[in-house]
Amino acid sequence: MLLYHYTHITTAVDKINEDAALKIQRGDQDNGLKPALWFSENNKYETSAFKGFINQETGNFNQFKSFEEQLTSIGWVRYVADSKEIRFISWKDYVHVSGLNLSDIKKMEKINKDLGANTDEWFCSFEDIQFDKLLKAEVYTDSWVDLNEKNLIDAINKAKWLNK
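If you're matching positions, the sequence shown starts at 2 in the numbering used here and goes up one per residue.
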């Protein structure tokens, strides 16, 4: 089964590529959660990957509400993995080892389902994943295409916040 790790252009270029790996964010550990790298079975996009941002005018925290809104602001990148090559566990299995209590789990599921996510499509790994273990990296231009210099420049040019 193919699984997809969704992120935005700046994270892909600045943080991920300098390490040549997808790295688990250890900050979750501070919140009592078991840190993990999240992937989705959804091959279009994953609504739980919508990024948050601080509105510069109001100072309020906002979150992108659609694929298109995030695309035209900060773009999309995804990494493709084969579940036969990398060990993943499902969301249902994760909740048993996560450190979350049942009410927090239900709250997270409701918030993400209201956005259109399907928790049955969620999978995670508890280990950093080196790029050579991934099948490929893609960037969204007018469709998902290989992440190469030409396509990356095209995607950056379409992302208004990256052109300021």
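All C-beta atoms, glycine included, are put in the ideal place defined by N, C-alpha and C.
Per DSSP, Tyr-95 is one residue of the alpha helix (DSSP H) stretching across 92 to 98.
If you keep only unbroken beta strand (DSSP E) runs of at least 3 residues inside the region 121 to 154, you get 123 to 126, 137 to 141 and 145 to 147. Annotation for Ile-90: Phe-124 and Cys-125 place their beta carbon closer than 7 Å to its own, counting only its chain and skipping 5 residues before and after. Rounded to whole angstroms, the separation of the alpha carbons of Phe-40 and Glu-128 is 13 Å. In the DSSP assignment, Gly-60 is bridged to no other residue.
Counting the other Cβ atoms within 10 Å of the Cβ of Glu-139 gives 16 or more, which makes it buried. Shown here for Asp-155: same chain residues with a beta carbon closer than 7 Å to its own, the five before and five after excluded, namely Thr-142 in chain order. The Cβ neighbour count for Glu-47, taken over all protein chains shown within 10 Å, is at least 16; the residue is labelled buried.
The C-beta distance from Leu-23 to Ile-157 rounds to 21 Å, too long to fall under 8 Å, and the pair is not in contact. In the displayed model, Leu-38 falls within a strand according to three-state DSSP. Cβ neighbours of Tyr-7 within its own chain (closer than 8 Å, five residues either side excluded): Ser-41, Tyr-46, Glu-47, Ala-50, Trp-77, Val-78 and Arg-79. Closest option to Asp-105, judged by alpha-carbon separation, among Gln-64, Leu-34 and Ala-21: Leu-34. In the displayed model, Ala-156 falls within a helix according to three-state DSSP.
Lys-137 is positioned such that its CB atom lies no closer than 8 Å to that of Asp-121.
Note on Phe-65: 16 or more other CB atoms within 10 angstroms of its CB, so buried under the neighbour-count rule. Cβ atoms of Ile-75 and Ala-160 come within 8 Å of each other, at about 6 Å.
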